[in-house]
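The structure under discussion appears below in the form of structure tokens.
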Amino acid sequence: MRMASQTPRAERFRARNVICTLAALALVLATGWAAFELTLASAIAGSSEQADRRLALFDRTLEAMIERFHYLPATIAQADESQGVLERPDAPAVRTSANGFLSKLNETAGADELFVMDSRGSVAAASNWWTLDSLVGQDFSFRPYFAEAMAEGSTKYYAFGIATSVPGYFLSQRIEGPDGPLGVAVAKINLGEIEANWWRSGELIGIVDVNNVVILSTRPDWRYRPLLEIDSTLVAHTASQQRYGDNGIRNEGIVRDFWPSRGAEMAFLHSGDPETDGYFLYSELRLPTHGWRIASFTPMGPLFRDAWTAAAAAALGCAALVLIVVLLVQRRRILAQRLAEHERLEQRVAERTEDLHTTNEQLRAEIAERVRAESDSRDAQTSLVQAAKLASLGQALAGVAHEVSQPVAALSTHIASAKLLAAQRNDREIGGILLTMDKVLDRISSLTGHLRDFSRKQTQVEMSCDLSPAISNGLDMVDHKLKRFGVDVHYARHRGALIVPANPVHLEQVLINLLSNAADAMEHTPIRLLSIAVVAQGSRVDISVSDTGEGIAPADIPNIFDPFYTTKQAGRGLGLGLAISYGLVRDIGGTIAVVSRPGRGSIFTIRLPLVVAAANINEVRA
Numbered sequence: 001m002r003m004a005s006q007t008p009r010a011e012r013f014r015a016r017n018v019i020c021t022l023a024a025l026a027l028v029l030a031t032g033w034a035a036f037e038l039t040l041a042s043a044i045a046g047s048s049e050q051a052d053r054r055l056a057l058f059d060r061t062l063e064a065m066i067e068r069f070h071y072l073p074a075t076i077a078q079a080d081e082s083q084g085v086l087e088r089p090d091a092p093a094v095r096t097s098a099n100g101f102l103s104k105l106n107e108t109a110g111a112d113e114l115f116v117m118d119s120r121g122s123v124a125a126a127s128n129w130w131t132l133d134s135l136v137g138q139d140f141s142f143r144p145y146f147a148e149a150m151a152e153g154s155t156k157y158y159a160f161g162i163a164t165s166v167p168g169y170f171l172s173q174r175i176e177g178p179d180g181p182l183g184v185a186v187a188k189i190n191l192g193e194i195e196a197n198w199w200r201s202g203e204l205i206g207i208v209d210v211n212n213v214v215i216l217s218t219r220p221d222w223r224y225r226p227l228l229e230i231d232s233t234l235v236a237h238t239a240s241q242q243r244y245g246d247n248g249i250r251n252e253g254i255v256r257d258f259w260p261s262r263g264a265e266m267a268f269l270h271s272g273d274p275e276t277d278g279y280f281l282y283s284e285l286r287l288p289t290h291g292w293r294i295a296s297f298t299p300m301g302p303l304f305r306d307a308w309t310a311a312a313a314a315a316l317g318c319a320a321l322v323l324i325v326v327l328l329v330q331r332r333r334i335l336a337q338r339l340a341e342h343e344r345l346e347q348r349v350a351e352r353t354e355d356l357h358t359t360n361e362q363l364r365a366e367i368a369e370r371v372r373a374e375s376d377s378r379d380a381q382t383s384l385v386q387a388a389k390l391a392s393l394g395q396a397l398a399g400v401a402h403e404v405s406q407p408v409a410a411l412s413t414h415i416a417s418a419k420l421l422a423a424q425r426n427d428r429e430i431g432g433i434l435l436t437m438d439k440v441l442d443r444i445s446s447l448t449g450h451l452r453d454f455s456r457k458q459t460q461v462e463m464s465c466d467l468s469p470a471i472s473n474g475l476d477m478v479d480h481k482l483k484r485f486g487v488d489v490h491y492a493r494h495r496g497a498l499i500v501p502a503n504p505v506h507l508e509q510v511l512i513n514l515l516s517n518a519a520d521a522m523e524h525t526p527i528r529l530l531s532i533a534v535v536a537q538g539s540r541v542d543i544s545v546s547d548t549g550e551g552i553a554p555a556d557i558p559n560i561f562d563p564f565y566t567t568k569q570a571g572r573g574l575g576l577g578l579a580i581s582y583g584l585v586r587d588i589g590g591t592i593a594v595v596s597r598p599g600r601g602s603i604f605t606i607r608l609p610l611v612v613a614a615a616n617i618n619e620v621r622a
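In terms of UniProt numbering, the sequence shown has 470 at position 470, counting the first letter as 1, and numbering is strictly consecutive.
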């Protein structure tokens with residue numbers, strides 16, 4: 001069943017591959033053909049334009065050369081020597097004068113031949129009278145340039161020279177006499193120089209006359225051959241005029257056929273030379289003044305080669321692009337197959353490892369639970385140790401307070417008796433000393449009271465107190481240390497009452513701890529300034545205690561409120577002040593935080609809720 005289901009799919013895949021291959025092949029061929037046509041059409045257009053420019057240049061060169069001699073027939077016809085030799089042909093002196101005139105004129109003009117014909121077509125005088133092939137006495141009455149000039153006054157005619165065997169272009173002008181035409185003045189121009197210049201240019205060019213016969217060409221074998229095949233009547237007519245020499249012309253032309261192609265005219269040459277015959281781009285320029293056409297033949301071989309090269313390059317480029325697309329599609333297909341196989345493998349692995357994963361998760365959960373239990377156990381043990389330490393400390397403080405309270409009471413009684421005795425004796429000096437001792441004793445009594453309060457288990461009783469007296473009492477308690485260290489105190493006191501929900505004794509304990517620590521931190525610093533700032537905002541108040549001491553290292557800040565953690569020297573502290581302060585502030589719903597810059601001091605900020613707030617501030621410096 002599986003093989004049967006895969007067979008139609010494989011057949012569809014093969015059919016799709018065949019269709020894609022044929023489509024790609026058609027695309028490559030179409031691209032090559034389009035490149036061939038575009039390149040060939042562009043090359044033909046460019047070659048045609050270039051040929052037209054060359055033909056225009058050749059035309060200007062030809063016209064310039066003919067124009068050099070255009071004045072000669074009229075000059076000869078108007079000369080007295082020409083008139084005289086036609087009126088008195090038997091006078092030797094007159095004939096000699098006419099021959100000399102023509103020879104001298106031709107030395108300046110540079111034409112091939114100059115001669116004068118009488119009314120019967122016989123040459124009466126010529127510039128080459130003294131040469132072996134002299135034209136004097138020759139009968140050219142059959143030449144069209146004689147008959148047409150006698151009839152029309154002037155004409156132009158190209159023909160093969162019978163006497164000199166040199167072809168030329170004949171310019172003729174009728175010579176008028178008192179009683180009518182006397183004859184014809186003729187100037188023969190040799191266009192061989194033009195032909196030689198064209199040959200040196202490397203172009204395949206020819207001049208075609210009114211009979212469609214090539215009279216000048218860069219290919220000598222084309223001369224006096226028709227461009228296309230002509231009929232026998234025209235061949236016989238030109239032979240009677242001896243226009244193309246004694247041999248005449250052949251019927252077969254040098255071009256087999258003309259046809260339009262890609263906006264230009266094509267020609268197939270079959271002149272008999274296998275090396276040059278073939279397909280050519282044909283261009284021509286008509287010269288209506290002379291009845292001629294200048295024909296240009298540009299070989300198509302280089303143009304075809306360029307077109308085939310462009311077609312091959314385009315086809316190869318298209319084939320490369322198709323190949324790249326095929327490779328990309330194939331790669332995508334392979335990647336898709338690999339991805340599908342990978343997904344199937346992952347699914348099988350996931351199915352097989354599901355139980356293991358579940359077991360692993362359970363094991364991890366048990367391990368995490370045990371780790372948490374061990375951590376909680378260590379925390380509880382640490383808390384018990386700290387609680388035991390605090391309990392021992394409380395008992396010690398209670399003992400100290402109890403032992404000190406009885407001597408203090410006895411001293412208080414003795415001082416009171418001494419004060420009465422000093423009053424009876426009116427001894428002011430002793431009275432002052434006793435008064436001072438009484439104040440010191442009151443301070444000792446107050447301290448022992450605080451120790452008893454700390455060691456005694458406190459009951460949670462809702463109390464409130466004014467913040468300003470608590471701060472003042474705290475300053476009084478550490479005043480002796482501040483004066484001993486030389487600390488300046490800056491305290492911005494609030495004028496109105498700031499009532500906070502706190503036990504005044506507990507609040508004073510917190511402030512005393514902060515103020516005492518600040519004084520200790522500034523013991524060895526050059527600048528000793530203690531600042532206390534109170535800022536009430538809405539329903540809370542911030543008390544900031546800042547110093548210019550040594551500061552707290554960043555590594556110590558996270559543990560600064562832990563019990564028995566201290567940064568002071570051994571014997572200078574137990575590490576309980578900040579821990580106790582943290583607990584007292586937390587119990588009344590407040591927070592305490594520290595910001596320290598090592599070497600520049602620390603700022604402890606207590607934030608407490610307010611019961612009653614006032615906004616007046618008065619600065620006091622102690």
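For every residue, glycine included, the Cβ atom is placed at its ideal position computed from N, Cα and C.
- Secondary structure note for Trp129: it is in no beta strand (DSSP E), with a DSSP letter that is neither H nor E.
- Inclusion of Phe258 and Ala267 in the CB contact set at 8 Å is warranted, their separation being smaller than that value.
- By the Cβ criterion, the stretch 200 to 210 is not in contact with the stretch 115 to 134, since fewer than three pairs of Cβ atoms, one from each stretch, lie closer than 8 Å.
- Considering only Ala533, Asp427, Met150, Ile499, the residue with the shortest C-alpha distance to Gly183 is Met150.
- For Val545, the pairing in a beta bridge is given by DSSP as Ile532, Phe604.
- Cβ neighbours of Arg293 within its own chain (closer than 6 Å, five residues either side excluded): Val208, Glu284, Arg286.
- Distances from the CA of Gly84 to each of Ile66, Glu176, Cys318, Ile367 were compared; the closest alpha carbon is that of Glu176.
- Taking the Cα of Thr131 as reference, the smallest distance to any Cα among Arg14, Asn99, Ser154 is reached at Asn99.
- Judged by DSSP in its simplified three-state form, Leu328 adopts helix.
- Within the model, the alpha-carbon separation for Ala111 versus Leu216 is close to 18 Å.
- Contact annotation: the stretch 550 to 558 does not touch the stretch 508 to 519, with fewer than three C-beta pairs closer than 8 Å.
- Secondary structure of Glu284 (DSSP, three-state): strand.
- Taking 8 Å as the upper bound for CB-CB distance, Leu610 and Ile433 are not in contact here, some 45 Å apart.
- For Met65, the closest C-alpha among the options Asp355, Ile324, Asn190 is that of Asn190.
- Less than 8 Å separates the beta-carbon of Ala519 from that of Leu482.
- Excluding the 5 residues flanking it on each side, Ser48 has same chain C-beta neighbours closer than 7 Å at Ala264, Leu281, Ser283, in chain order.
- Taking a cut-off of 8 Å for Cβ pairs, the stretch 305 to 317 and the stretch 27 to 38 touch, as three or more such pairs fall below it.
- Phe115 sits buried, since 16 or more C-beta atoms from the chains shown fall within 10 Å of its C-beta.
- Trp292 is bridged by DSSP to Leu287.
- If you check the CB distance, Leu530 and Val595 do not come in under 8 Å.
- Pairing Ile254 with Trp222, the inter-Cα distance amounts to about 7 Å.
- Scanning Glu152, Arg305, Gly192 for the CA closest to the CA of Tyr169 turns up Gly192.
- Buried is the label assigned to Phe146, since at least 16 other Cβ atoms lie within 10 Å of its Cβ.
- A straight line joining the alpha-carbon of Val94 with that of Thr218 spans about 44 Å.
- Sequence-distant partners of Leu62 (beyond 5 residues in either direction) whose C-beta falls short of 7 Å from its own C-beta, in its chain, are Ile194.
- Taking 3 residues as the shortest admissible run, the stretch 356 to 381 contains no complete beta strand (DSSP E) segment at all.
- With fewer than 16 other Cβ atoms inside 10 Å of its own Cβ, Glu462 counts as exposed.
- As a beta-bridge residue in DSSP terms, Asp257 pairs with Phe268.
- For Met463, no beta strand (DSSP E) segment is defined, and its DSSP state is neither H nor E.
- Excluding the 5 residues flanking it on each side, Thr358 has no same chain C-beta neighbour closer than 7 Å.
- Counting C-beta pairs closer than 8 Å gives fewer than three between the stretch 462 to 482 and the stretch 415 to 435, which falls short of the contact rule.
- Positions of the alpha helix (DSSP H) runs, each at least 4 residues long and wholly inside the stretch 131 to 193, are given as 144 to 152 in order along the chain.
- Annotation: Leu441 to Thr413 spans about 11 Å, alpha carbon to alpha carbon.
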